[in-house]
Amino acid sequence: MDNTAVLTQMRQLIQLIAQHNHAYYVMDQPQIEDSEYDQLFHQLKALEQQYPTLVQSDTPTLKVGGKALAKFENITHTVPMLSLGNVFNQEDLYTFARRIEERLPQQKVQYDVELKFDGLAISLWYENGELVRAVTRGDGETGEVITQNVKTIRNLPKVLSAQATAVPTLLEVRGEVLMPKAGFEKLNAAQVEKGEKTFANPRNAAAGSLRQLDPAIAASRPLAFYAYGIAQCEPAHGLNSMSASLQWLTQFGFAIGEQHYLCDSIEEVQQRYDEIQVQRPDLSVEIDGMVIKVDDLKQQQQLGFLSREPRWATAYKFPAVAALTKVEQIDWQVGRTGTLTPVARLAPVAVGGVTVSNVTLHNIGEIHRLDVRVGDTVSVYRSGDVIPKVEKVWGALRQADQQYELVMLPTECPVCASPVVMPEGEALARCSGGLYCAAQRIEAIRHFVSRKALDIEGLGDRWAESLLNLALLDNVSDIYHLHEHREKLLGIEKMGEKSVQNLLDAIENSKKTTLAAFIYALGIRGVGETTARMLANTFQNLEALKAADIESLKKTPDVGDITAEWIFDFFKAEHNLEVLDRLVAAGVHWDAPIAPTRQPLNGESWVITGTLSQLSRDEATQYLQALGARVSGSVSSKTKCVVAGEKAGSKLEKAEKLGIRVMDEAAFLVLMAEYGQGI
Ligand code: I6G
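Numbered according to my numbering, the sequence shown spans residues 108 to 786.
And the structure:
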């Protein structure tokens, strides 16, 4: 990258970080995940390390936290409130430990491990045991005096006394103010009730509460304070470890985190981290990681600081739920039903504990909604078991000298080059290749041999995949040529003489079918069993169906505008016609369907109510419509008959009141069978 490009990128990052600092620290309304903020920050830091001469004077990396608000009096911390470095994985943790241990040769190092609360760091200043001042971290150098609000925190001692220990003349305690999860939920519920704004997370709720100018409001908020360290103590407490000093604080009434460990090795620290991560959802407070500190205070002094961060401590953050990365490519995958799904290929990134390099973009509409393009920086989210997804495109990070081409839907299927179709009003694009498209083959075969189609037992669930792998099936018509490959069939694992014979017999038997089952077996989009039956009844033979135009297809009961187009397209595709010819040539045949000479329920109004167990409501509706009936949603004196399934309610009652004929599901099925409905 040349200097101009680096500078542009630095300015973009500085501006973004400033914008999100304001949202977070001043407005208490974060617009991005903490982990996303961290990554913007890291990107800037990495650039600054690589190009130190270009570091900008207003860079946020030289500051800690946010700017103090004008509302409260500002004060300079006597001992700066520094921030902690971060590690995100075991490797970084071990590097942190190795650096410490290299600086402390021949010394045993113990680690103090505490929960990292997702709260707000503050400093408490006690003179002769009395809380005289509470100050926010602010930018680390200067914070806001929020004593009155802090005094309302119930678990915080306002006056120090202890039985066995003299109260120091000066004590400065550092710790975190937080809002436990339960209190946070309650507060947000109350805010909703009052029609006031809710808080994005417990941390912001805690920060917002401490910033109230009226201490009575802070007092009404369920805040808690947990101490994590001592900045100053006069006379000196004389203790020599972090863990002992925290324990010492508890005798004055300070709360410290419940989970608190002293570990003899960095491996043990890792083990604690793994345990806490499991317990995390059940904790009463939000935590975003653990804090690891060298326990011995003398060792801490020896280690000192590296550019405003203690070398002796780090935050071991939980895996990010959101991570920033780059889109390297966008591919289109063809699913087993022909759906085209765009997949973003990403520069691999750790998010939610796993490395993500592919993520679905769902459909072309979603791509355009996000305006994601190759080369973009995006945020990938993943929490728990949730499938990773792109939720944000960082348009502000686009480079002026780079091309970001608009992503378009391909016109041809990337697998079989058939035209891609996307009917109006549909979100998903599809390959029109049908039986011809390799990506759709296995599903097409499974469907073709299923019970309600050509009904070839065993082929779909047991053998289809092996047959495809052996290249014995290219499309469904090859099924009727399998007998030419008996030897190869016998080579398939678990395929004995008997299984082969059974399979070939089942294939042979399937040749005699019905036109309706055959049409259904073709797997034409939108053509289920009922539609297939309607088409068979209407067109009477395959040749007529193949030749049908859209208008006549639309006239078929049950065939809507879109399905008519799908059927039309299917029979226009040359490769589909080839498959049909091969099937017929192989001996697949059927008797001519019996034409429906009359519509016995013509003009009648029927109502279906309750739950049907043998068929769906849609199917029942289709049967009735095929027989000429109208299916209505409400019972009236004009209703001819009510089909009542399980748990039928008011419609059944009304029908009984009006003396209308009621039929249960079993009787309905018998009647439909009499009229030839149901395959
Ligand atoms: O911001 C912090 C949160 C928790 C800390 C911290 C901590 O210990 C549990 N410890 C130190 C040493 C610092 N910040 C600087």
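Glycine included, every Cβ here is placed at the ideal spot set by N, Cα and C. Note that the coordinates shown come from a computational prediction; the quantities given were computed from them, not determined experimentally.
Residue burial classification, F412 (beta-carbon count within 10 angstroms, cutoff 16): exposed
Residues that DSSP places opposite L369 in a beta bridge: D219
Helix, strand or coil at W697 [DSSP, three-state]: strand
Short Cβ contact (8 Å threshold) for R537 with Y511: no
Check whether V738 and T728 have beta carbons under 8 Å apart: yes
Residue interval of the beta strand (DSSP E) (run including Q122): Per DSSP, Q122 belongs to no beta strand (DSSP E); it is in the alpha helix (DSSP H), 110-128.
Residue environment, S617, which counts as buried when at least 16 other CB atoms sit within 10 Å: buried
L322: CB within 7 Å of a non-hydrogen atom of ligand 1: A small fix is needed here, since residue 322 is Pro in this sequence, not Leu. Not so, every heavy atom of ligand 1 lies at least 7 Å from the Cβ.
Bridge-paired residues (DSSP) for A536: L447
Under 8 Å between C-beta atoms of L211 and Q409: yes
I399 vs V376 beta-carbon contact at 8 Å: yes
Contact test: G336 Cβ vs ligand 1 heavy atom, cutoff 7 Å: yes
Residue ranges of each beta strand (DSSP E) within the segment 746-775, 3 or longer: 748-751, 768-771
Closest Cα partner of I229 within the set T111, V691, I253, Q213: I253
Cβ pair E143, S464 closer than 8 Å: no
Exposure of D656, with buried meaning 16 or more beta-carbon neighbours within 10 Å: exposed
Distance between beta carbons of Y423 and G460, contact taken as under 8 Å: The Cβ separation is near 13 Å, so there is no contact.
Any non-hydrogen atom of ligand 1 closer than 7 Å to V479 Cβ: no
Backbone CA spacing between L477 and K499 [nearest angstrom]: 7 Å
E140, DSSP secondary structure in three states: coil
Through-space distance from V456 to V220, alpha-carbon basis: 27 Å
Any non-hydrogen atom of ligand 1 closer than 7 Å to L191 Cβ: yes
Contact the segment 345-362 vs the segment 176-188: 3+ CB pairs below 8 Å: no
Where H554 falls, given that 16 or more other Cβ within 10 Å makes a residue buried: buried
Where the beta strand (DSSP E) containing M397 begins and where it ends: 394-401
Cβ neighbour criterion (16 or more within 10 Å) applied to V299: exposed
Proximity test, E221 beta-carbon vs ligand 1 heavy atom, cut-off 7 Å: yes
Nearest-angstrom beta carbon gap, A693 and H588 [assumed within contact, 8 Å]: 7 Å
Terminal residues of the beta strand (DSSP E) in which R716 lies: Rather than Arg, the amino acid found at residue 716 in this sequence is Thr. Note, T716: beta strand (DSSP E), 712-716.
Chain-order list of residues whose beta-carbon lies under 6 Å from that of V769 (same chain, five-residue window excluded): V749, A751, A762
Continuous alpha helix (DSSP H) assignments of at least 4 residues falling wholly in the segment 551-598: 571-576, 593-597
Nearest-angstrom Cβ-Cβ length linking S50 and A680, presumed shorter than 8 Å: Residue 50 lies beyond the residue range present for the chain, which begins at 108 and ends at 786; the question has no answer from this structure.
C-alpha gap between G226 and P287, whole angstroms: 10 Å
Outcome for G315 when other beta-carbon atoms lying within 10 angstroms are tallied against a minimum of 16: buried
C-alpha distance - G345 paired with L317, whole-angstrom precision: 33 Å
Distance CB(A546)-CB(V441) smaller than 8 Å: yes
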